[in-house]
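Asker: My questions will all concern the structure given below.
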Amino acid sequence: MFDMRNVFPTTAPPSPKQNLLLATLSDETYRRLLPSLEGVPLPLGMVLYESGGTQGHVYFPTDSIVSLLYVLADGASAEIAVTGFEGLVGIALFMGGETTPSRAVVQSAGHGYRLRASVCRAQFDANPELQHLLLRFTQALITQMTQTAVCNRHHSIDQQLCRWLLLSLDRLKGDHLTMTQELIANMLGVRREGVTEAASRLQADGLIDYRRGHIHVTDRNRLEARVCECYGVVKREYDRLLPSPRTAQTAAIG
Amino acid sequence: MAAILNSLLAALPHKSYQRMLSGLAPVTLTFGDILYHPGDTIRDVFFPIESLVSLLTPVDGHLALEVGMVGREGMVGVPLALGIGVSSVRALVQGAGPALKMSADRFRTELHAIPALQTEVNLYVHTLMAQISQTAACNRFHVVEARLARWLLMTRDRVRSGTFRMTHEFLSHMLGVRRVGVTEAATALQRRRLIEYSRGSIKILDHAGLEAACCDCYTVVRDMHDGVVYSKIPAPSFVEARLSSAA
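Structure (structure tokens):
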């Protein structure tokens, strides 16, 4: 479902409808939100929220990926979920939390649209269609978080790296990722050497090509064969819970 | 009249709470019962009172990991409130005791009828997600002994008793470690006179000492749930009757 090439074949500048949630809304709801949607560039490493901070906006990524990291009291952090064009970042805002429990960092540069907190809350409360869609997305996100937790605990760094690469690829056009090993290490909550070793093994086996912060996935099929079940569980759950790209594409065209 | 209650229900306005009560049936959850398997249709939701339900994500056929813990601060079956009728986790009764049960159909009806219910459940889901994230990060970085101490205190807070049943196998799923790892951690805590562990039963001997042995995650999660207002609304009489007969 998440191959952007099937969904949005153009290379035109991102429209709000490149975000799956926005693309799924009825014309009426979409038109109501549109004047409040503000297009923003999301450069690599940009921090959208700090954990414990308040949120001014929710973000709908279009061609970027945002990583949600949980930060412990002692400063250690681990990625608990990634969100790209299929979702939004900042659910605490409409779920009623005063502050966000995680840090949100742009993991793959691109763009997105943002909506002011007050507008988002008001629309969420007033519009059942929007509310249902965002709550469904919340359930999908919970599944990704729980699966990430179990994967981190039980699977090898190789498998976790494969999962991470596939989840990222599904949210991008093409098969290239721009990423330093240090950032990957932070995401996976492992030491840099661990990532280096895992990436070298994948490279030696011809699955990826890694150089100077660029990862090129050369054999996606074998990456899928090597990954643990966690990738498939999350993907199936997202397919089940979120609107299909076909619906989104129809909405984008219509 | 003791103010024992599920705090999610207690946070509802009085009228809504009364309305909910007519659809709630008291049940006693039994240790080891599975309320849902992943993929199961959710037929009932549960509001624990002095019981404890563990949310587990199974993996690789034989392993599992506890991703969240639900006691009187919350409810079991949150996907229903998010518009999904199927459970994504295994919900396992970890602490036997009373709970209130409502059918899925009735719960959906009440969600529509009582806007405050949706608001309260959303707020609870927010804290549950924070708990899930905290647990995930804690599992990643903290040593088994500190995690076991945290887990014991979280359990104690929810069942409101310092003694509970617990097998090595359960604990290994809870903490995501092998049974030998559980044995080592439990032995270490026992040697420090913080707990007593025998024949599937754990007794907390030194609460303050155990708190000192935990990672920070215990207080972080506790404070999250304490942010949810505990109401002083008395428990319905049928619950009190059940509790006093169980005591």
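Here the protein sequences come in this chain order: A and B.
Per the working numbering, residue 1 is the first one in the first sequence, and the count goes up by one each step.
Per the working numbering, residue 1001 is the first one in the second sequence, and the count goes up by one each step.
Idealized CB from N, CA, C, for every residue including glycine.
Because the structure is a prediction, the values reported are computed rather than measured.
1) For my contact list, B:R1072 and B:N1006 are in at a C-beta cut-off of 8 angstroms; report their separation, rounded to the angstrom.
2) Which residue wins for smallest C-alpha separation from A:D255, given the options A:L69, A:A225, A:R31, A:Y238?
3) Go through its chain and collect everything with a Cβ distance to B:R1106's Cβ below 7 angstroms, but skip five positions before and after it.
4) Residues of chain A with a CB under 7 angstroms from the CB of B:G1176: which are they?
5) Which residues in chain B sit within 7 angstroms of A:Q282, going by Cβ to Cβ distance?
6) Counting only Cβ pairs nearer than 8 angstroms, list the residues of chain B close to A:T143.
7) Under 8 angstroms, Cβ to Cβ, is there at least one residue of chain A near B:V1228?
8) For A:V227, go through chain B and note every residue whose CB falls closer than 8 angstroms to its CB, in chain order.
9) Return no unless some Cβ of chain B is closer than 8 angstroms to the Cβ of A:D158.
10) Please state whether DSSP places A:G52 in a helix, a strand or coil.
11) Below 8 angstroms on the Cβ atoms is my guess for A:T29 versus A:L135; work out the distance and round it to an integer in Å.
12) Taking A:C228 and A:R163 to be in contact with their CB atoms under 8 angstroms, please state how far apart those CB atoms are, rounded to whole angstroms.
13) Which word fits A:T143, buried or exposed, when buried means at least 16 other C-beta atoms lie within 10 angstroms of its C-beta?
14) Assuming B:V1182 contacts B:L1171 under a Cβ cut-off of 8 angstroms, what Cβ separation, rounded to an integer in Å, is found between them?
15) Less than 8 angstroms between CB atoms is the rule here; does A:S108 satisfy it with respect to chain B?
16) Note down the Cα distance separating A:V71 from A:G189, rounded to an integer number of angstroms.
17) Heavy atom of the ligand MG less than 7 angstroms from the Cβ of A:F85, yes or no?
18) Apart from the five residues just before and just after A:A104, which ones in its own chain have a Cβ nearer than 6 angstroms to its Cβ?
19) Closer than 7 angstroms by beta-carbon distance: list the chain E residues that pair up with B:S1022, in chain order.
20) Using the DSSP secondary-structure output, state which residues sit across from B:K1101 in a beta bridge.
21) By DSSP's criteria, A:Y30 is part of a beta bridge. Which residues make up the other side?
22) Considering A:H57, what are the terminal residues of the beta strand (DSSP E) in which it resides?
23) Please classify A:E79: does DSSP put it in a helix, a strand, or coil?
24) Entirely within the segment 1037-1094 of chain B and at least 4 residues each: give me those alpha helix (DSSP H) ranges in chain order.
25) Should A:D205 go down as buried or exposed, given a rule of 16 or more other Cβ atoms within 10 Å for buried?
26) Alpha carbon to alpha carbon, what distance is there between A:M187 and A:E79?
27) Go to A:I142, then tell me how far its alpha helix (DSSP H) extends in each direction, as first and last residue.
28) Counting only C-beta atoms, is A:A73 closer than 8 angstroms to chain B at any point?
29) Distance, Cα to Cα, A:L25 vs B:D1157?
30) Under 8 angstroms Cβ to Cβ from B:V1086, same chain only, skipping five residues before and after it: list those, please.
31) Evaluate the contact criterion for the segment 149-162 of chain A versus the segment 1089-1108 of chain B: three or more CB pairs, one atom per stretch, below 8 angstroms.
32) Taking A:G53 as the query, report the chain B residues whose CB atoms sit under 8 angstroms from its CB, ordered along the chain.
33) Could you name each continuous alpha helix (DSSP H) segment of 4 residues or more that falls completely within the segment 1170-1207 of chain B, going from the start of the chain to the end?
Answerer: This is what the structure holds:
1) 5 angstroms
2) The structure shown does not extend to residue 255 of chain A, since chain A spans only 1 to 254, so no value can be given for it.
3) G1023
4) R153, H154
5) In the structure as shown, chain A starts at 1 and stops at 254, and residue 282 of chain A therefore has no counterpart that could be examined.
6) S1088
7) Residue placement at B:V1228 is poorly supported in this model, since its pLDDT is 42, which falls under 50; the coordinates still yield a value, given next. So no, B:V1228 is outside the interface.
8) Near A:V227 there are no residues of chain B at all, since even the closest Cβ is about 13 angstroms away, more than 8 angstroms.
9) no
10) coil
11) At roughly 15 angstroms, the Cβ-Cβ gap does not stay under 8 angstroms, so A:T29 and A:L135 are not in contact.
12) 6 angstroms
13) buried
14) 4 angstroms
15) no
16) 11 angstroms
17) Questions concerning the ligand MG fall outside what the structure shown contains, since it holds no ligand whatsoever.
18) L48, Y49, V66, L68, V89
19) Reference to chain E is not applicable here, since the protein chains of this structure are A and B.
20) B:A1025, B:F1046
21) DSSP output for A:Y30 lists no bridge partner at all.
22) 57-61
23) strand
24) 1078-1081
25) exposed
26) 5 angstroms
27) 128-154
28) yes
29) 43 angstroms
30) G1039, D1040, T1041, I1042, P1079
31) no
32) Within chain B, no residue comes near A:G53; the closest Cβ sits about 14 angstroms away, beyond 8 angstroms.
33) 1179-1191
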